[in-house]
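Taken in sequence, the protein lines are chains A and B. Using my numbering, the letters of the first sequence correspond one by one to residues 132 to 273. Using my numbering, the letters of the second sequence correspond one by one to residues 132 to 273. We put the beta carbon where it would ideally sit given N, CA and C, even for glycine. The structure appears below as structure tokens.
Number of protein chains: 2
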Amino acid sequence: MSTEPIPISRLDGTHKRTQRLLIEVADVLGHKWHPVILAQLLNGEPHTFSELGSAIDDVSNKMLSDSLSTLQDAGLVDREVVSEKPVRVRYTLTERGHDLEAVLDPMLRWGREHLAGEAIARSDARTSLRRSGAIGGEVADE
Amino acid sequence: MSTEPIPISRLDGTHKRTQRLLIEVADVLGHKWHPVILAQLLNGEPHTFSELGSAIDDVSNKMLSDSLSTLQDAGLVDREVVSEKPVRVRYTLTERGHDLEAVLDPMLRWGREHLAGEAIARSDARTSLRRSGAIGGEVADE
DNA sequence: CTGCATCCAGAACGATACTG
DNA sequence: CAGTATCGTTCTGGATGCAG
């Protein structure tokens, strides 16, 4: 039923309601570590505080803790204490959080095509031919 | 080659490169007015400074001007002086900017489903049945 | 009509250190 | 191990007024 690979359409920013929604969503995803944390949690696996911390590794305790609190408040992640002795907390995505994959994926995709490294140079590279799986490239970094 | 409407997948936040891209994209879309302006430009054609200003109407001159400059710097919008007497400037999307539709649309979609006014209530709306025009609902706001 | 200059309050980010 | 407390710096959003 899907018309095209990229139907997109009624983005209609003319409505105030639409504008507000965009602002609200941007407010959630506009924080430096939120998208990264969410992406991390989307991968599945067990995700404890320290696991997240080392996986992201450029984030400080405060930032991680702060971000997780905010995300939890927003109802995007769920917090669950797993162990008592060495305190362990497991973070998982709520449904709303999981649904954000539909936004994070395009974000990443766009980033890969348009600013992967800062070598822009006004190239009008209309390379729209990269639609298929070629994207999973994941160059082994660092 | 999954040709599904929503393939989504390698969000793999485990890679630093991926994390950085997400951060960079979030940095662009994370500004209050950027998404709104972009959405506005995605709509129709003629978009001058004042047109944008009245279409968005909760934005001040400074914010609009500031945002437009940033977006222009980022290579997302193009600035073109149209008239000299009553100075008129026309803003249009560059290709990169236009491609952001692929991100803005999901953002709006997610917003509508998960925080449109706060009336969520856990609808497991995995109901991809809303794929068609149903979305254009655009409740007459204001 | 555009949009820059100033001034400001508040939020985001980050490093470090400390508690449960 | 998880998370909080502080402190300080930078950025952002916004009002207002002036200039090209």
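Self-check item: Cutoff 9 Å: B:Arg219 Cβ touching any chain A Cβ
Solution: At a cut-off of 9 Å between C-beta atoms, B:Arg219 does not count as an interface residue with respect to chain A.
Practice problem: Check whether the Cβ of B:Arg240 lies closer than 9 Å to any Cβ atom in chain A. | Solution: It does; some Cβ of chain A falls within 9 Å.
Self-check item: Extent of the continuous alpha helix (DSSP H) run through A:Leu169
Solution: Counting along the chain, A:Leu169 sits inside the alpha helix (DSSP H) bounded by residues 165-173.
Quiz item: Apart from the five residues just before and just after B:His229, which ones in its own chain have a Cβ nearer than 6 Å to its Cβ?
Solution: Excluding positions up to five away in sequence, the list is empty.
Exercise. Quick one: which unbroken alpha helix (DSSP H) runs of 4-plus residues sit fully inside the region 150-226 of chain A? Chain order, please.
Key: If we require 4 residues or more, the alpha helix (DSSP H) runs fully inside the region 150-226 of chain A come out as 165-173, 180-187, 192-204.
Quiz prompt | Three or more C-beta pairs below 8 Å linking the region 198-215 of chain A and the region 165-176 of chain A | solution = Result yes; three or more Cβ-Cβ pairs closer than 8 Å.
Practice problem: Just tell me which of B:Tyr222, B:Pro217, B:Phe180, B:Leu231 has its CA closest to the CA of B:Gln203. | Solution: Per the Cα distances, B:Tyr222.
Quiz item: Between the region 152-181 of chain B and chain A, which residues of the former have CB atoms less than 9 Å from a CB of the latter, in chain order?
Solution: Taking 9 Å as the Cβ-Cβ cut-off against chain A, the residues of the region 152-181 of chain B that qualify are Leu152, Leu153, Ile154, Glu155, Val156, Ala157, Asp158, Val159, Leu160, Gly161, His162, Lys163, Trp164, His165, Pro166, Val167, Ile168, Leu169, Ala170, Gln171, Leu172, Leu173, Asn174, Gly175.
Quiz item: Below 9 Å between beta carbons: does that hold for A:Gly77 and A:Arg219?
Solution: Absent from the model: residue 77 of chain A. The displayed extent of chain A is 132 to 273, so no value can be given.
Self-check item: the region 183-190 of chain B touching the region 237-245 of chain B, judged by at least three CB pairs closer than 8 Å
Solution: Too few Cβ pairs lie closer than 8 Å, so no.
Self-check item: Cross-chain neighbours of B:His229 in chain A, by beta carbon under 7 Å
Solution: B:His229 does not reach chain A, its nearest Cβ partner there being about 10 Å away, counting only Cβ pairs nearer than 7 Å.
Quiz item: With a cut-off of 9 Å, does the C-beta of B:Asp197 fall near any C-beta of chain A?
Solution: No, because no Cβ of chain A sits closer than 9 Å to the Cβ of B:Asp197.
Quiz prompt | is_contact[A:Arg210, chain B] using C-beta, thresh 9 Å | solution = Chain B, which has no Cβ nearer than 9 Å to the Cβ of A:Arg210, makes this no.
Exercise. Put B:Asp143 into one of helix, strand or coil per three-state DSSP.
Key: DSSP places B:Asp143 in coil when its eight states are reduced to three.
Quiz item: Is the shortest distance between the beta-carbon of A:Asp189 and the beta-carbons of chain B less than 9 Å?
Solution: A:Asp189 counts as touching chain B.
Quiz item: Taking C-beta to C-beta, are A:Val156 and B:Met194 nearer than 9 Å?
Solution: For A:Val156 and B:Met194, no; Cβs fall outside 9 Å.
Practice problem: Taking 9 Å as the cut-off, decide whether the C-beta atoms of A:Val234 and A:Leu153 are in contact. | Solution: Annotated as distal: A:Val234 and A:Leu153, with beta-carbon spacing of 9 Å or more.
Exercise. Reducing DSSP to helix, strand and coil, say where A:Leu239 ends up.
Key: Correct three-state label for A:Leu239: helix.
Quiz item: What residues in its chain sit with their C-beta under 6 Å from that of B:Asp209, if we drop five residues either side in the sequence?
Solution: The answer, listed in chain order, is Thr223, Thr225.
Quiz prompt | Between the CA atoms of A:His178 and A:Gln171 - distance to the nearest angstrom | solution = So the two alpha carbons sit approximately 8 Å from each other.
Quiz item: Does any residue of chain A bring its CB to less than 9 Å from the CB of B:Thr149?
Solution: For B:Thr149, the answer is yes, since a Cβ of chain A falls inside 9 Å of its Cβ.
Self-check item: Neighbour flag for B:Leu224 against chain A, beta carbons, 9 Å
Solution: Interface with chain A (9 Å Cβ-Cβ cutoff): B:Leu224 is excluded.
Quiz prompt | 8 Å contact criterion, which A:Leu173 and B:Leu142 should meet: CB distance rounded | solution = So it is a contact: roughly 5 Å between Cβ atoms.
Exercise. Quick one: using the 10 Å Cβ neighbour count with 16 as the cut-off for buried, is B:Glu232 buried or exposed?
Key: Under this definition B:Glu232 is a buried residue.
Practice problem: For B:Leu202, go through chain A and note every residue whose CB falls closer than 9 Å to its CB, in chain order. | Solution: In chain order: nothing, as chain A lies at least about 13 Å away.
Quiz item: With respect to 8 Å, is the separation between the Cβ of B:Leu224 and the closest non-hydrogen atom of the ligand NAP below this value?
Solution: The ligand NAP is not part of this structure, which contains no ligands at all.
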